[in-house]
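**Q** Heads up: the sequence shown at position 90 corresponds to 98 in our numbering, and the numbers run straight through without jumps. Glycine residues also receive a C-beta, built at the ideal position from the N, C-alpha and C atoms.
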Amino acid sequence: MVCSPIKIRNKLIPRNKLASFDSGPHHNTDKGLALAAKPYFLYRPGAVADPSPEVVSVRLRLAKKSSLLICPSQDHRFRSSVMAFQLEQVVPWGRSFDEYASMFALSGADLDKTILGCGDGPASFNAELTVRGGRVNSADPVYRFSAGEIALRIEETCTVVLEQTRRNADEFLWQRIRSVEELGRVRMIAMRRFLQDYPRGRQEGRYVDTALPSLQFADKSFELALCSHFLFLYSGHFDGSFHLRSLRELCRVAEEVRVFPLLEFGAVKSRHLDEALSQLSLDGHQTDIVKVSYEFQRGANEMLVVH
Ligand SMILES: C[S@@+](CC[C@H](N)C(=O)[O-])C[C@H]1O[C@@H](n2cnc3c(N)ncnc32)[C@H](O)[C@@H]1O
Numbered sequence: 009m010v011c012s013p014i015k016i017r018n019k020l021i022p023r024n025k026l027a028s029f030d031s032g033p034h035h036n037t038d039k040g041l042a043l044a045a046k047p048y049f050l051y052r053p054g055a056v057a058d059p060s061p062e063v064v065s066v067r068l069r070l071a072k073k074s075s076l077l078i079c080p081s082q083d084h085r086f087r088s089s090v091m092a093f094q095l096e097q098v099v100p101w102g103r104s105f106d107e108y109a110s111m112f113a114l115s116g117a118d119l120d121k122t123i124l125g126c127g128d129g130p131a132s133f134n135a136e137l138t139v140r141g142g143r144v145n146s147a148d149p150v151y152r153f154s155a156g157e158i159a160l161r162i163e164e165t166c167t168v169v170l171e172q173t174r175r176n177a178d179e180f181l182w183q184r185i186r187s188v189e190e191l192g193r194v195r196m197i198a199m200r201r202f203l204q205d206y207p208r209g210r211q212e213g214r215y216v217d218t219a220l221p222s223l224q225f226a227d228k229s230f231e232l233a234l235c236s237h238f239l240f241l242y243s244g245h246f247d248g249s250f251h252l253r254s255l256r257e258l259c260r261v262a263e264e265v266r267v268f269p270l271l272e273f274g275a276v277k278s279r280h281l282d283e284a285l286s287q288l289s290l291d292g293h294q295t296d297i298v299k300v301s302y303e304f305q306r307g308a309n310e311m312l313v314v315h
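1) Looking at the structure shown, is Ala57 part of a helix, part of a strand, or coil, going by DSSP?
2) Would you mind sorting Ser289 into buried or exposed? The rule is 16 or more other CB atoms within 10 Å of its CB.
3) How many angstroms separate the CA atom of Leu137 from the CA atom of Leu285?
4) In the DSSP assignment, the alpha helix (DSSP H) including Ile185 goes from what residue to what residue?
5) Let me check you understand the geometry: is the CB of Val99 closer than 7 Å to at least one non-hydrogen atom of ligand 1?
6) Which residue comes first and which comes last in the alpha helix (DSSP H) that contains Val261?
7) At a cut of 8 Å, does the stretch 118-129 reach the stretch 226-240 through at least three beta carbon pairs?
8) Does at least one heavy atom of ligand 1 sit under 7 Å from the Cβ of Phe304?
9) Near Glu263, what residues of its chain come up, given a Cβ to Cβ distance below 8 Å and the 5 sequence neighbours on each side ignored?
10) Cβ of Arg152 within 7 Å of any heavy atom in ligand 1?
11) Over the uninterrupted alpha helix (DSSP H) stretch that includes Phe230, give me the two end residues.
12) What's the gap between the Cα of Pro61 and the Cα of Arg253?
13) State the DSSP-derived secondary structure class of Asp291, mapped to helix, strand or coil.
14) Would you call Ala131 buried or exposed, if buried means 16 or more other Cβ atoms sit within 10 Å of its Cβ?
15) Where DSSP assigns a beta bridge to Lys299, which residues make up the other side?
16) In the DSSP assignment, what are the bridge partners of Asn176?
17) Hey, would you say Ala135 sits closer than 8 Å to Gly192, going by beta carbons?
18) Under the assumption that Gly129 contacts Val144 (Cβ atoms under 8 Å), give the Cβ distance between them as a whole number of angstroms.
19) Checking 8 Å against the spacing of the C-beta atoms, do Val216 and Ser104 come in under that value?
20) In the DSSP assignment, find the unbroken beta strand (DSSP E) run with Thr138 in it and report its ends.
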């Protein structure tokens, strides 16, 4: 079978490598190519995608045969159809303030700090902390989209994520949240809270469209940076170099960095953790692994603290 390739900037990729592909900003050329009119992100195990809008170079390791999701890097809609629970791409899925407070062992004094939530997506941490009088910014490439677009994407992915969770139920501890149904309710409450707050928060500059490993903030803009369920969790999607550059970037913009969880999908320790810890120590940072009271993904009850 001949598979027509698509061209993503300078790379030709056979269509049969694609899990999904947004036909929006392409056009079919008479040579049978779908030409990407805009720079694209690639999300695929083994692919290195640099989602910073300025950086459009995409290095591919085509050795692995797993599926590939392509998302345009700017003003596009995320689209995906294949969703293995090692989540072959990042999905908008948001936790609440209470979950953040336990994942990061946030004290009253912590909550008084200037906080960056990096990769907050549709979590309600920012909305809820702002109501409590906190000073928080959230950074996520998903904030280039409107509330309507994010809501649509949440709707598209919610059922699939819950179904995948049901299938992998033994990877989770069903104590704090007792069932998949309850998980769906709790997450949707948090994400609706985010969606209500988002238009105003975006106007106020609390939701910033910027992405690791290169954030648009000045050095030491924040006292505390939090990164929940992005770094380490997506170790199969983002390589060690991405992780290290991202952690260094968080250390640049904040005095203290906390990351949770330290496991990747499959409930195993992130393959990038040890190397990141040694490199950060060589950089002169103090790194501590601290046990926290939160555990939903089985065994995920530790955060990394970097000073
Ligand atoms: C699974 S969600 C976690 C959302 C939230 N932190 C929570 O715990 O509920 C992962 C988030 O990482 C965001 N993300 C993807 N690539 C990113 C990047 N390069 N820099 C920062 N965030 C990114 C996604 O858009 C998504 O919102």
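**A** Considering the structure as presented:
1) On the sequence shown, residue 57 is found 49 positions in, with the first residue counted as 1. Bear in mind that the predicted position of Ala57 carries a pLDDT of just 35, short of 50, making it too unreliable to give a figure here.
2) Locating residue 289 in the sequence shown gives position 281, where the first residue counts as 1. Ser289 comes out exposed.
3) Here residue 137 refers to the residue found at position 129 when the sequence shown is read from its first residue. Here residue 285 refers to the residue found at position 277 when the sequence shown is read from its first residue. Computed Cα separation, rounded: 30 Å.
4) Counted from its first residue, the sequence shown places residue 185 at position 177. No alpha helix (DSSP H) holds Ile185; DSSP gives it neither H nor E.
5) Here residue 99 corresponds to residue number 91 of the sequence shown, with the count starting at 1. Val99 Cβ: within cutoff of ligand 1.
6) Looking up residue 261 in the sequence shown gives position 253. Val261 -> alpha helix (DSSP H) spans Gly248 to Val261.
7) Proximity of the stretch 118-129 to the stretch 226-240 meets the contact definition, three or more beta-carbon pairs being nearer than 8 Å.
8) Counting from 1 along the sequence shown, the entry for residue 304 is found at position 296. No; taking the cut-off as 7 Å, the Cβ of Phe304 has no heavy atom of ligand 1 nearer than that.
9) Position 255 of the sequence shown, counting from 1, holds the residue named residue 263. Excluding sequence neighbours, Glu263 sits near Lys228, Phe230, Glu231, Leu232 and His315.
10) As a working note, residue 152 is residue 144 in the sequence shown. Between ligand 1 and Arg152, a heavy atom-to-CB distance of less than 7 Å is absent.
11) Position 222 of the sequence shown holds residue 230. Boundaries around Phe230 are those of the beta strand (DSSP E), Phe230 to Ser236, since no alpha helix (DSSP H) includes it.
12) The count along the sequence shown starts at 1 and reaches residue 61 at position 53. The count along the sequence shown starts at 1 and reaches residue 253 at position 245. Bear in mind that a pLDDT of 28 at Pro61, under 50, signals an unreliable position, so the number given afterwards is only what the model happens to contain. Computed Cα separation, rounded: 16 Å.
13) By 1-based counting over the sequence shown, the position of residue 291 is 283. Coil, per DSSP.
14) What you label residue 131 is simply residue 123 of the sequence shown in a count that begins at 1. Classification for Ala131: buried.
15) By 1-based counting over the sequence shown, the position of residue 299 is 291. According to DSSP, Lys299 bridges with Glu310.
16) Translated into the one-based positions of the sequence shown, residue 176 becomes position 168. Among the bridge pairs identified by DSSP, Asn176 is matched with none.
17) Residue 135 sits at position 127 when you count from the first residue of the sequence shown. Residue 192 sits at position 184 when you count from the first residue of the sequence shown. The answer is no: Cβ separation not under 8 Å.
18) As a working mapping, residue 129 is identified with position 121 in the sequence shown. As a working mapping, residue 144 is identified with position 136 in the sequence shown. So it is not a contact: roughly 14 Å between Cβ atoms.
19) As a position in the sequence shown, residue 216 is number 208, starting the count at 1. As a position in the sequence shown, residue 104 is number 96, starting the count at 1. For Val216 and Ser104, no; Cβs fall outside 8 Å.
20) As a first step, residue 138 is located in the sequence shown; it is residue number 130 there, counting from the start. Looking at the DSSP string, Thr138 is not in any beta strand (DSSP E); the run it does join, the alpha helix (DSSP H), is Phe133 to Val139.
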